[in-house]
Amino acid sequence: VRRPEQPKGHNKMRSIARRHPLAVFLAIAYGASAAIFAVPLLSLAGIGLIELDLPGVAPFVLLDAFALAGAAFIATALAEGRTGIRELRRRVFNFRVNPGWYALAILLLPVAAMATAIVVGGADVLAAIAGDPVTVLATIVVGAALAFPLVNLWEETAWTGFALERLQRRLGPIGASVVTTWLQGLVHVPLVFVVGGGTVGRVPPEQIP
Numbered sequence: 030v031r032r033p034e035q036p037k038g039h040n041k042m043r044s045i046a047r048r049h050p051l052a053v054f055l056a057i058a059y060g061a062s063a064a065i066f067a068v069p070l071l072s073l074a075g076i077g078l079i080e081l082d083l084p085g086v087a088p089f090v091l092l093d094a095f096a097l098a099g100a101a102f103i104a105t106a107l108a109e110g111r112t113g114i115r116e117l118r119r120r121v122f123n124f125r126v127n128p129g130w131y132a133l134a135i136l137l138l139p140v141a142a143m144a145t146a147i148v149v150g151g152a153d154v155l156a157a158i159a160g161d162p163v164t165v166l167a168t169i170v171v172g173a174a175l176a177f178p179l180v181n182l183w184e185e186t187a188w189t190g191f192a193l194e195r196l197q198r199r200l201g202p203i204g205a206s207v208v209t210t211w212l213q214g215l216v217h218v219p220l221v222f223v224v225g226g227g228t229v230g231r232v233p234p235e236q237i238p
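Following this line, the structure appears as C-alpha cells:
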C-alpha cells in the first residue's frame with residue numbers, strides 16, 4: 030500500500046528542519062512568544078496602545094511556557110520524526126538522579142535570589158525577613174513548587190531538552206549554556222516594558238540596557 034504523498038510545502042519544511050533544526054525551533058518559539066506577549070505589551074500595563082487593563086502577566090507567561098514546549102516538539106517532529114519525539118519525551122521525563130537533587134535544584138534559585146537581595150539591600154531586606162519569616166519562606170517554597178510544574182518544566186523542555194542538547198554537540202556544555210541563556214533571555218524582552226513583567230514595577234528607560 031502506497032502512502033499518500035506529502036504536500037510539497039510540508040516536505041520542504043521537513044528538509045529545512047533536518048538541516049537547521051535550531052533555526053526552525055527559534056522561528057516558531059520567537060514567533061509564538063511575540064504573539065503571546067504582544068497583548069500585555071500593547072495593553073495599559075505596557076506601552077498603552079490599546080485600552081486593555083490586565084490583572085497581571087502570569088497567564089501569558091504560563092501560556093508562553095506551553096508554547097515553547099510545543100515549538101520544541103514541532104521542530105523535533107519535523108527534523109527527526111517519531112523517533113525524535115520519543116527521545117525528547119524521554120529526556121524531559123526521565124529522572125536520572127536521587128529526588129533530593131531535584132528539590133535542591135528547585136529551591137536553589139529562589140534561595141540564591143534572596144541571598145543576593147540581602148547582599149544588595151542589606152538591613153532592610155533582613156528586617157523584612159525577620160518581621161515575618163514564615164510568610165517569606167512559605168512564599169519562596171510554594172512559589173518554587175508551583176513554578177516548576179507550571180512554567181519551568183515546559184520552558185526547559187524547549188531550552189534544555191531541545192536547544193541546549195543540540196548546541197552542546199558543537200559548543201560543549203559551557204559554550205552551549207551561555208548561548209542558550211541569551212537565546213532564552215530574548216524571549217522575555219517584551220516583558221521589560223510591562224509593569225510586573227520583568228520586575229515589580231515598570232523598568233525605567235535608563236535601566237533597560
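Numbering (our numbering), first residue to last: 30 to 238. Cβ coordinates follow ideal geometry from the N, Cα and C atoms, glycine included. Keep in mind the model is a prediction, meaning the values are calculated, not measured.
> From which residue to which residue does the alpha helix (DSSP H) around His66 run?
Replying inline: As a working note, residue 66 is residue 37 in the sequence shown. Before going on, a small fix: residue 66 reads as Phe here, not His. Pro50 to Leu71 is the span of the alpha helix (DSSP H), which, as asked, contains Phe66.
> Helix or strand or just coil, what does DSSP make of Phe191?
Replying inline: For this step, residue 191 is matched to residue 162 along the sequence shown. In the structure shown, Phe191 sits in a helix (DSSP, three-state: H, G or I).
> Once you ignore the five residues that flank Leu133 on each side, which residues in its own chain have a CB closer than 7 Å to its CB?
Replying inline: Start at 1 with the first residue of the sequence shown, and residue 133 comes out as number 104. Once the five neighbours on either side are set aside, Leu133 has no close Cβ partner at all.
> Which whole-angstrom value describes the C-beta separation of Ile57 and Ala104, a residue pair presumed to lie in contact below a C-beta threshold of 8 Å?
Replying inline: If you number the sequence shown from 1, residue 57 lands on position 28. If you number the sequence shown from 1, residue 104 lands on position 75. Correct: roughly 6 Å between the Cβ atoms.
> To which residues of the same chain is Phe89 closer than 7 Å at the C-beta, ignoring the five residues directly before and after it?
Replying inline: For the purposes of this step, residue 89 is taken as residue 60 along the sequence shown, with counting starting at 1. Answer for Phe89: Ile65, Phe66, Val68 and Pro69, listed in chain order.
> Cβ of Val86 within 9 Å of Cβ of Ala74?
Replying inline: Here residue 86 corresponds to residue number 57 of the sequence shown, with the count starting at 1. Here residue 74 corresponds to residue number 45 of the sequence shown, with the count starting at 1. Yes, these two residues count as a Cβ contact at 9 Å.
> Hey, out of Ala146, Ala142 and Ser72, whose CA is closest to Pro219's CA?
Replying inline: Counting from 1 along the sequence shown, the entry for residue 219 is found at position 190. The shortest Cα separation from Pro219 among Ala146, Ala142 and Ser72 belongs to Ser72.
> When burial is assigned at 16 or more other CB atoms within 10 Å of the CB, is Val224 buried or exposed?
Replying inline: To locate residue 224, count along the sequence shown from 1; it is residue 195. Classification of Val224: buried, given that the 10 Å Cβ count is 16 or more.
>> Determine whether the beta carbon atoms of Ala61 and Ala96 lie at a separation below 9 Å.
In response: Residue 61 sits at position 32 when you count from the first residue of the sequence shown. Residue 96 sits at position 67 when you count from the first residue of the sequence shown. Their beta carbons are under 9 Å apart, which means Ala61 touches Ala96 by this criterion.
>> If you reduce the DSSP assignment to three classes, tell me which class Val223 lands in.
In response: Counted from its first residue, the sequence shown places residue 223 at position 194. It is coil, neither helix nor strand.
>> Would you call the segment 190-200 in contact with the segment 208-216, where contact means no fewer than 3 C-beta pairs closer than 8 Å?
In response: yes
>> Here's a check: name, in chain order, each residue in its chain whose Cβ is nearer than 8 Å to the Cβ of Val229, leaving out the five neighbours to either side.
In response: Here residue 229 refers to the residue found at position 200 when the sequence shown is read from its first residue. Result list for Val229: empty, nothing under 8 Å.
> From Ile76 to Ile169, what distance separates their C-alpha atoms?
Replying inline: Walking along the sequence shown from the start, residue 76 turns up at place 47. Walking along the sequence shown from the start, residue 169 turns up at place 140. Computed Cα separation, rounded: 30 Å.
>> Quick check: the Cα distance between His217 and Glu184, rounded to an integer number of angstroms?
In response: Taking the first residue of the sequence shown as 1, we reach residue 217 at position 188. Taking the first residue of the sequence shown as 1, we reach residue 184 at position 155. Straight-line Cα distance between these residues: approximately 12 Å.
>> Taking only three categories from DSSP, how would you classify Glu116?
In response: Sequence index remark: in the sequence shown, residue 116 carries index 87 (1-based). Of the three classes helix, strand and coil, the one that applies to Glu116 here is helix, per DSSP.
> Would a C-beta distance cut-off of 9 Å place Pro139 and Ala94 closer than the cut-off?
Replying inline: Position 110 of the sequence shown, counting from 1, holds the residue named residue 139. Position 65 of the sequence shown, counting from 1, holds the residue named residue 94. Not closer than 9 Å, so no.
>> Is Phe191 close to the ligand GDP? I mean its beta-carbon at under 8 Å from any heavy atom of the ligand.
In response: This structure lacks the ligand GDP; in fact it carries no ligand of any kind.
>> Could you check whether Ile147 and Leu136 sit closer than 9 Å to each other, using their CB atoms as the reference points?
In response: Here residue 136 is taken as the residue at index 107 of the sequence shown, counted from 1. Here residue 147 is taken as the residue at index 118 of the sequence shown, counted from 1. No.
>> Taking the alpha carbon of Gly226 as the reference point, which residue from Glu80, Leu91, Tyr59 and Leu51 has its own alpha carbon closest?
In response: Residue 226 sits at position 197 when you count from the first residue of the sequence shown. It is Leu91.
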